[in-house]
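>
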Amino acid sequence: MLPSRLAAGRKIDSIALMFLSHLECTACGLRHEWQHLQNLCTSCQKPLFAIVDLAAASRTLTRETLATREKSLWRYREVLPLPEGVEPVSLGEGGTPLLRTSGFGGDVDLWIKDESQNPTQSFKARGMSVAVSMAKYLGATKLAVPSAGNAGGALAAYAARAGLEAHIFMPRDSPRANIIECRELGAHVTLIDGLITDCGAEIGRRKMKEGWFDMSTLKEPYRVEGKKTLGYELAEQCDWQLPDVILYPTGGGTGLIGMWKAFDEMEALGWIDQKRPRMFSVQASGCAPIVRAFEAGEKSAAEFPNPHTIAAGLRVPKAIGDFLILKILRESNGGAIAVDDKEMIRVTREVGASEGLFVAPEAAACFAAFKHLRSAGKVGSGERVVIFNTGSGIKYPNCYEA
Ligand SMILES: Cc1ncc(COP(=O)(O)O)c(C=O)c1O
Ligand SMILES: [Zn+2]
């Protein structure tokens, strides 16, 4: 249920140029209208996807026209939900480089999509730019999010830019840099003695009374739309031939789910063929619900008990999109792999010294996982592999010795 003020709030009737058709439940398929603020499926409480009229979008959006557009995720405007003519809430997100590794990959063609170059130094900017734009357009005034760190920073920045209130709930032991960042961006920050799931529950309890719109991962339909631009950009940067393997540090899994959606959309647009990368979720040994469920052959993931890891973004014991993540890993013939914290720290310096990037520990986990997959023969010589450096190591000074 939405706060009554929001549910009653603004309703959009007619739009000139609009390619968003409707919202659809990822579990039961129930159709919802996009014209007012929505969270989960009203029938089964699972995430909603935005369904775009691709035939209409393709009249102006082609691979050729893209090449002439600004280097920002808003270059994919027709497949994003915000109506034409409405100014996006933007800080210059997207358009990040895809860098070929110089040494780390060995005999593998290893690339890094460097998402630390986004506003607020993480890929969370993509989701928040689109989701805050839509929330503002649909009449929300107060936005709330539970965050392990980077999502909070991104919401704080985009809400400030949009002139909206941000209410951020973080575990008390989140990286200090993230807490400071949120406060200095003018957000209302509440520290909770607990996990991100406890933060989410606190928002759930208070949102009706406070008039907050819940911006939690996959609990509103548009963060995933912003994240899907990772997939569009990657295809474009790889000259419309997707790589063989993708390694993605998985907490809530929005980026992985978003990319997969983008691949399907691009195939429907006729931009790519049926080939898909083998998708690997990388998690921390101290919090690996998806790895456990994948190995056990489960369709959804049980809550991971006593979760702990320095990679704050991976400390997500229960993800609402678990069933979508597991389906993608299996359909793509990929997998799930856990890495311990000590190895993340060690590999951070290896990547830094060899590639010139101070990667976030979540991404360092992917570099460690890459080594394991290579030595197990799950990644072959000469294959093209892409690792997402989802954020900057500079936000985690507490993890490293000075
Ligand atoms: C740097 C970083 N990497 C990865 C993740 C996990 O992202 P997702 O929730 O999309 O799986 C997070 C989430 O906070 C993060 O901050
Ligand atoms: Zn449903």
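Residue numbering for the sequence shown follows the working numbering, beginning at 560 and increasing consecutively. All C-beta atoms in this analysis are idealised placements derived from N, C-alpha and C, irrespective of residue type, glycine included. Being a predicted model, the structure only gives us computed values, none of them experimental.
Can you give the Cα-Cα distance for residue 761 and residue 771, rounded to whole angstroms?
In the sequence shown, residue 761 corresponds to position 202, counting from 1. In the sequence shown, residue 771 corresponds to position 212, counting from 1. So the alpha carbons of these two residues sit roughly 12 Å apart.
> To the nearest angstrom, report how far apart residue 715 and residue 741 are at their CA atoms.
In the sequence shown, the residue the question calls residue 715 occupies position 156. In the sequence shown, the residue the question calls residue 741 occupies position 182. Roughly 6 Å separates the two Cα atoms.
> Note down the Cα distance separating residue 909 from residue 670, rounded to an integer number of angstroms.
Against the sequence shown, residue 909 aligns to sequence position 350. Against the sequence shown, residue 670 aligns to sequence position 111. Approximately 15 Å, taken between the alpha carbons.
> Let me know if residue 704 comes out buried or exposed under the rule of 16 or more other beta-carbons within 10 Å of its beta-carbon.
The residue given as residue 704 occupies position 145 in the sequence shown. Residue 704 is buried by the Cβ-count criterion.
> With residue 611 and residue 824 assumed to form a contact (beta carbons below 8 Å), what rounded beta-carbon distance in angstroms separates them?
If you number the sequence shown from 1, residue 611 lands on position 52. If you number the sequence shown from 1, residue 824 lands on position 265. Confirmed, Cβ separation roughly 7 Å.
> Where do the N-terminal and C-terminal ends of the alpha helix (DSSP H) with residue 931 fall, by residue?
For the purposes of this step, residue 931 is taken as residue 372 along the sequence shown, with counting starting at 1. Here the alpha helix (DSSP H) through residue 931 covers 920-934.
> Report yes if the C-beta distance between residue 678 and residue 652 is below 8 Å; otherwise report no.
The residue given as residue 678 occupies position 119 in the sequence shown. The residue given as residue 652 occupies position 93 in the sequence shown. Cβ atoms of residue 678 and residue 652: closer than 8 Å.
> With DSSP as the reference, label residue 635 as helix, strand or coil.
Stepping through the sequence shown from its first residue, residue 635 is reached at position 76. Residue 635 falls in the helix class under three-state DSSP.
> Under the criterion of a Cβ to heavy atom distance below 7 Å, does residue 827 qualify as lining ligand 2?
Along the sequence shown, one-based indexing puts residue 827 at 268. Not so, every heavy atom of ligand 2 lies at least 7 Å from the Cβ.
> Any chance the CB of residue 808 is under 7 Å from a heavy atom of ligand 1?
Residue mapping note: residue 808 aligns to position 249 of the sequence shown, counting from 1. The answer is yes for residue 808.
> In chain order, what are the residue ranges of uninterrupted beta strand (DSSP E) at least 3 long that sit wholly in the segment 619-697?
If only uninterrupted beta strand (DSSP E) runs of at least 3 residues are considered, those enclosed by the segment 619-697 are 657-659, 668-673.
> Answer yes if the segment 656-666 comes into contact with the segment 749-763, meaning at least three C-beta pairs across the two stretches below 8 Å, and no otherwise.
no
> Assuming residue 718 and residue 755 form a contact by the criterion Cβ under 8 Å, report the distance between their Cβ atoms to the nearest whole angstrom.
By one-based count along the sequence shown, residue 718 stands at place 159. By one-based count along the sequence shown, residue 755 stands at place 196. Not confirmed; about 19 Å, so no contact.
> From 841, 917, 818, 752, pick the residue whose C-alpha is nearest to that of residue 899; which is it?
Residue numbering aside, residue 899 sits at position 340 when the sequence shown is read from its first letter. Of 841, 917, 818, 752, the smallest CA-CA separation from residue 899 is found for 841.
> So is the beta-carbon of residue 605 under 7 Å away from any non-hydrogen atom of ligand 2?
On the sequence shown, position 46 is the one that residue 605 refers to. Within the cutoff, so yes.
> Suppose you measure from the CA of residue 867 to the CA of residue 710; what does that come to, to the nearest Å?
Counting from one through the sequence shown, the residue named residue 867 turns up at place 308. Counting from one through the sequence shown, the residue named residue 710 turns up at place 151. Between residue 867 and residue 710, the C-alpha separation is close to 19 Å.
> Since I believe residue 893 is in contact with residue 947 (beta carbons under 8 Å), could you give me their beta-carbon distance rounded to a whole number of angstroms?
Mapped onto the sequence shown, residue 947 falls at position 388. Mapped onto the sequence shown, residue 893 falls at position 334. At roughly 14 Å, the Cβ-Cβ gap does not stay under 8 Å, so residue 947 and residue 893 are not in contact.
> I'd like the list of long-range same chain contacts for residue 827, defined as Cβ closer than 8 Å, with 5 residues on each side in sequence excluded.
Here residue 827 refers to the residue found at position 268 of the sequence shown. Counting only Cβ-Cβ distances below 8 Å, and skipping sequence neighbours, we find 613.
> Between which two residues does the beta strand (DSSP E) holding residue 730 run?
Counted from its first residue, the sequence shown places residue 730 at position 171. Here the beta strand (DSSP E) through residue 730 covers 724-730.
> Buried or exposed for residue 573, please, with buried defined as at least 16 other CB atoms from any protein chain shown within 10 angstroms of its CB.
For the purposes of this step, residue 573 is identified with residue 14 of the sequence shown, where counting begins at 1. For residue 573, the predicted model reports a pLDDT of 45, less than 50, meaning its position is unreliable and no value from the coordinates is stated.
> Nearer than 7 Å: is that true of the beta carbon of residue 921 relative to any heavy atom of ligand 1?
Sequence index remark: in the sequence shown, residue 921 carries index 362 (1-based). The answer is yes for residue 921.
> Looking at C-alpha atoms only, which residue of 606, 577, 595, 625 is the closest neighbour of residue 799?
In the sequence shown, counting from the first residue as 1, residue 799 sits at position 240. If we check each option's Cα against that of residue 799, 625 comes out closest.
> Please classify residue 943: does DSSP put it in a helix, a strand, or coil?
Here residue 943 refers to the residue found at position 384 of the sequence shown. In the structure shown, residue 943 sits in a strand (DSSP, three-state: E or B).
> So what's residue 813 in DSSP terms, helix, strand or just coil?
The residue labelled residue 813 in the question sits at position 254 within the sequence shown. Correct three-state label for residue 813: helix.
> Counting Cβ pairs closer than 8 Å, one from the segment 863-877 and one from the segment 926-934, do we hit at least three?
no
> Among the residues of its own chain, which have a CB less than 7 Å from the CB of residue 673, if the five just before and after it don't count?
Here residue 673 is taken as the residue at index 114 of the sequence shown, counted from 1. Closer than 7 Å at Cβ, skipping near neighbours: 655, 656, 658, 916, 948.
> Report yes if the C-beta of residue 776 is less than 7 Å from at least one heavy atom of ligand 1; otherwise report no.
In the sequence shown, counting from the first residue as 1, residue 776 sits at position 217. Yes, the beta carbon of residue 776 sits closer than 7 Å to at least one heavy atom of ligand 1.
> Can we count residue 710 as close to ligand 1, meaning its CB is less than 7 Å from some heavy atom?
Working through the sequence shown from its first residue, we reach residue 710 at position 151. Yes - ligand 1 has a heavy atom lying nearer than 7 Å to the Cβ of residue 710.
> Under 8 Å by Cβ, that's how I've got residue 607 and residue 582 pegged, so tell me the actual separation to the nearest angstrom.
On the sequence shown, residue 607 is found 48 positions in, with the first residue counted as 1. On the sequence shown, residue 582 is found 23 positions in, with the first residue counted as 1. Distance from residue 607 to residue 582 at the Cβ level is roughly 4 Å; contact confirmed, criterion being Cβ atoms closer than 8 Å.
> In the DSSP assignment, what are the bridge partners of residue 844?
Against the sequence shown, residue 844 aligns to sequence position 285. Partner(s): none; residue 844 has no beta bridge.
> Can you give me the Cβ contacts of residue 817 inside the same chain, cut-off strictly under 6 Å, excluding the 5 residues immediately before and after it?
Here residue 817 is taken as the residue at index 258 of the sequence shown, counted from 1. Taken in chain order, the residues that qualify are 783, 786, 787.
> Can you give me the C-alpha to C-alpha distance between residue 735 and residue 935, rounded to a whole angstrom?
Reading the sequence shown from its first residue, position 176 is the one you call residue 735. Reading the sequence shown from its first residue, position 376 is the one you call residue 935. Using only the alpha carbons, I get a separation of about 37 Å.
> Please list the terminal residues of the continuous beta strand (DSSP E) segment that includes residue 750.
Working through the sequence shown from its first residue, we reach residue 750 at position 191. From DSSP, the beta strand (DSSP E) with residue 750 extends over 747-751.
> Less than 6 Å between C-beta atoms, sequence neighbours within five positions excluded: which residues of the same chain meet that for residue 812?
In the sequence shown, residue 812 corresponds to position 253, counting from 1. Close CB contacts of residue 812 within its chain, under the 6 Å cut and outside five residues either way in sequence, are with 878, 880, 884 (chain order).
> Let me check you understand the geometry: is the CB of residue 582 closer than 7 Å to at least one non-hydrogen atom of ligand 2?
Here residue 582 corresponds to residue number 23 of the sequence shown, with the count starting at 1. Incorrect: residue 582 has no Cβ contact closer than 7 Å to ligand 2.
> Residue 821: which of 713, 793, 587 sits nearest, CA to CA?
Here residue 821 is taken as the residue at index 262 of the sequence shown, counted from 1. If we check each option's Cα against that of residue 821, 793 comes out closest.
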